[in-house]
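Heads up: the structure comes next, in structure tokens.
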């Protein structure tokens, strides 16, 4: 449904906006490409020339340290020139519209925008309005999608579990406001896991959440049974306002991942978290730093996954432009 | 000016002993119009020399449509539209009477603004404009506007648009004071505290992560409003219902004999929230496009006349208002020009007869406004629309009369074309 804008006529990635609508084969290709790029980070000279001569603009309308720096490193390891622009939303509200700002940046001959924005659909909007040939990579839009985070999580799961078939995955926390959860659920179902569970109080679940392809648990103890992969979500402090939750204390008591609770899952279950972690709010420190935690692997994998989607999207754009140029050449030949 | 219309089909009306606006089309040979009135039907007067002769072959002649909710954008928002441009668009849509919302700048909460609108509308002379006065001062939901002055300045009813009333006690006083002046209240039913999102709350909002507006935001408000109307005796008109549950509540209230009416925006009859799945901002509407079940209940409401009227809920916007991430775009569609082609689509695809649509936009709307029923009969005001139901054409952006080009119909093939609109005996639009 939402895939057409991000694929070329031949079904290759040309933007990376959402996991939704992408085939299992394409997601697997991203993971395989990322796998092959992991060794670049282990080299003495950590560079490959896949984006040499290209300009990548990191356009962050929301504060971010981890995502922005891994995107920056990924682009640099692909030999691109990188421009980082941090815009807090108050600056755009001063006058210049998003469209005008993009036109200005395009005028600087940018080849790719990595976009993070507080509004759902912002990267779709940008992909639909930029000049053909410019690739958009979604680094998180509102509550909608955070597809590179989901794919680095998938890579981490595959490294640890070998495959997706037969796995039971639990996502615990604020599903309602989470772009990460939405993208993870889509990716996990496409890649063929056995079951995705969401564990949260009803105030943090969107309406008809089961339509995303999940089973719903309000009780963490029941929800953790037989689980292979536990994904914790960050709880934002502002959720205490607006009557979504009474207190951090009660949340931790009911939904916090403690050592005792971890024992309810399968003994070889892995623990994941997209970060930044709130120790003692959603997860006990000992669990975050424990043997079953793969939280730091996620960060390392983030660079490889971002290198993979950036190079794939750029090559999709190049291919499309080549076809277009060829077509134009043929047409002008036909005229002359 | 003398106009003759030759050889068409006209809609039967009470003057033809039809019990109300009927489903019957009657062939005619000639209709003569003079001094703003229908002078004769099927009588050949040798002395009548028409200035304009309109060939009605293959066309339907219907009474001019009455639209209960139109944003004319003037004064104050002329980048989006002006009284001239939007009444011109109305004429192109076959509309001869419309109610304009008070959400102008300055807000229409005073005699001065009402008079300004009236003067500009008379100057434009494209259709009759009946202003809705602000229910509260500045639409702030706290203080009563001067209803007597507004009525005196020809405001037909009162509305607070989508601006919330601060609390139920203030709503109650507004209704009491409106009843005192025998004015109807047009209310967009929303419970503000539940009305936080930008689209219908359901599976699609959950999937794409846009904040949803629950049905409850409307249904809770409708039940409170019905209670308040019953207690105060005011004529409550519920503007642009969007949910199945609200239709059911109105049905019960009407069965109980309460003076409650309702309308629906044509886009809520045609589209659902699926249209928003790709963040398409042209479908960012208020009320939001809701589920298929809601849409079907609204259609059924029109067919059974629980919902009295259909409106364009016309909201023209400049291009920039729609060129942002979805939630930051402004809500509303430019639709008044395409009412009849949209009605043709409803008839083809959704089983709502064109005659039911016409009835809702003439008789139904007239009953809500408590004005004379528009009829095609000798001695009646010549407000007519000559509609060719069979012509198909692709809508080009530059052919849109309204300043607002924010319609999903651009580039689509439309069937049905308003050929001529006659307002008070003069041609207000000709294709």
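Residue numbers (this note's numbering), protein chains in the order written: chain A, 830 to 1165; chain B, 849 to 1279.
Don't be surprised by glycine CBs; every beta carbon is placed ideally from N, CA and C.
Bear in mind the structure is a predicted one, so any value in this text is a computation, not a measurement.
Contact set between residue i and chain A, taken where Cβ atoms lie within less than 8 Å
| i | result |
| --- | --- |
| residue 876 (chain B) | Within chain A, no residue comes near residue 876 (chain B); the closest Cβ sits about 50 Å away, beyond 8 Å. |
Contact list for residue i against chain B, beta-carbon separation under 8 Å
| i | result |
| --- | --- |
| residue 951 (chain A) | 1173 |
| residue 973 (chain A) | 1056, 1057, 1058 |
| residue 926 (chain A) | 1168, 1171, 1172 |
| residue 1011 (chain A) | 1055, 1057 |
Cβ of residue i within 8 Å of any chain A Cβ
| i | result |
| --- | --- |
| residue 1186 (chain B) | no |
| residue 1079 (chain B) | no |
| residue 1168 (chain B) | yes |
Where residue i meets chain A, residues with beta-carbon distance less than 7 Å
| i | result |
| --- | --- |
| residue 1176 (chain B) | 948 |
| residue 1127 (chain B) | 950, 953, 954 |
Residue from the options whose Cα sits closest to the Cα of residue i
| i | options | result |
| --- | --- | --- |
| residue 913 (chain B) | B:1279, B:1158, B:1068 | B:1158 |
| residue 958 (chain B) | B:970, B:987, B:1208 | B:987 |
| residue 879 (chain B) | B:862, B:910, B:1145 | B:910 |
| residue 1146 (chain B) | B:1186, B:1098, B:995 | B:1098 |
| residue 853 (chain A) | A:1016, A:1106, A:883 | A:1016 |
| residue 1142 (chain B) | B:1190, B:1106, B:1064 | B:1064 |
| residue 955 (chain A) | A:931, A:973, A:940 | A:931 |
| residue 1136 (chain B) | B:1150, B:1215, B:1175 | B:1175 |
| residue 985 (chain B) | B:1021, B:977, B:994, B:978 | B:994 |
| residue 1076 (chain A) | A:1064, A:1087, A:983 | A:1064 |
| residue 1105 (chain B) | B:1084, B:883, B:903 | B:1084 |
| residue 1060 (chain A) | A:858, A:1104, A:991 | A:1104 |
| residue 1111 (chain B) | B:915, B:897, B:1017, B:881 | B:915 |
| residue 1010 (chain A) | A:973, A:985, A:1021, A:1162 | A:973 |
| residue 941 (chain B) | B:884, B:1237, B:1188 | B:1188 |
| residue 1130 (chain B) | B:1255, B:978, B:901 | B:1255 |
| residue 1092 (chain B) | B:1132, B:1167, B:1155, B:1214 | B:1155 |
| residue 1243 (chain B) | B:1164, B:1109, B:1258 | B:1258 |
| residue 1213 (chain A) | A:939, A:1138, A:1034 | There is simply no residue 1213 (chain A) to check, as chain A begins at 830 and stops at 1165 in what is shown. |
| residue 1232 (chain B) | B:1275, B:1211, B:1240 | B:1275 |
Per-residue contacts from residue i into chain B (C-beta, under 7 Å)
| i | result |
| --- | --- |
| residue 1037 (chain A) | 1050, 1051, 1054 |
| residue 1041 (chain A) | 1054, 1055 |
is_contact[residue i, chain B] using C-beta, thresh 8 Å
| i | result |
| --- | --- |
| residue 954 (chain A) | yes |
| residue 1073 (chain A) | no |
| residue 1008 (chain A) | yes |
| residue 831 (chain A) | Note that residue 831 (chain A) has pLDDT 45, beneath the 50 cutoff, so the model's placement of it is unreliable and no number is given. |
Any C-beta of chain E under 8 Å from that of residue i
| i | result |
| --- | --- |
| residue 1163 (chain B) | In the structure shown, chain E cannot be found, because the protein chains are A and B. |
Counting only runs that start and end within the segment 1033-1116 of chain B, where is the alpha helix (DSSP H) found for 4 or more residues in a row?
-> 1051-1056, 1064-1080, 1092-1103
Should the segment 938-952 of chain B be called in touch with the segment 1193-1200 of chain B, which here means at least 3 C-beta pairs below 8 Å?
-> no
Can at least three beta-carbon pairs, one atom from the segment 1239-1253 of chain B and one from the segment 926-944 of chain B, be found at a separation below 8 Å?
-> yes
With a floor of 3 residues, list each beta strand (DSSP E) that falls wholly inside the segment 926-1007 of chain A, ordered by position along the chain.
-> 941-946, 964-970, 997-1001
So, do the segment 887-895 of chain A and the segment 942-950 of chain A have three or more beta carbon pairs nearer to each other than 8 Å?
-> yes
Mind the definition here: the segment 870-878 of chain A touches the segment 990-1000 of chain A only if three or more C-beta pairs lie below 8 Å; say whether that holds.
-> no
Touch test, the segment 1032-1044 of chain B against the segment 1003-1018 of chain B, Cβ-Cβ under 8 Å, three pairs minimum = yes
Taking the runs of the beta strand (DSSP E) that are 3 residues or longer, which of them lie wholly in the segment 1017-1075 of chain A?
-> 1024-1028, 1044-1046, 1058-1061
At least 3 beta-carbon pairs within less than 8 Å: the segment 1132-1148 of chain A vs the segment 832-846 of chain A = yes
Residue ranges of each beta strand (DSSP E) within the segment 897-968 of chain B, 3 or longer = 900-903, 908-911, 913-918, 943-948
Where in the segment 1187-1214 of chain B do unbroken runs of the alpha helix (DSSP H), each at least 4 residues long, occur, reported from the N-terminal end onward?
-> 1187-1198, 1202-1207
Can you find at least 3 beta carbon pairs, one from the segment 1018-1032 of chain B and one from the segment 995-1002 of chain B, that sit closer than 8 Å?
-> yes
Ordered list of alpha helix (DSSP H) runs contained in the segment 1076-1105 of chain A, each at least 4 residues = 1077-1084, 1088-1091
Between the segment 1072-1082 of chain B and the segment 1050-1058 of chain B, do three or more beta carbon pairs fall short of 8 Å?
-> no
Do three or more CB pairs link the segment 886-894 of chain B to the segment 1225-1240 of chain B at distances below 8 Å?
-> yes
Do the segment 853-862 of chain A and the segment 1019-1029 of chain A meet, that is, are 3 or more Cβ pairs less than 8 Å apart?
-> yes
For the segment 1118-1137 of chain A and the segment 976-990 of chain A, state whether three or more C-beta atom pairs, one from each stretch, are separated by less than 8 Å.
-> yes
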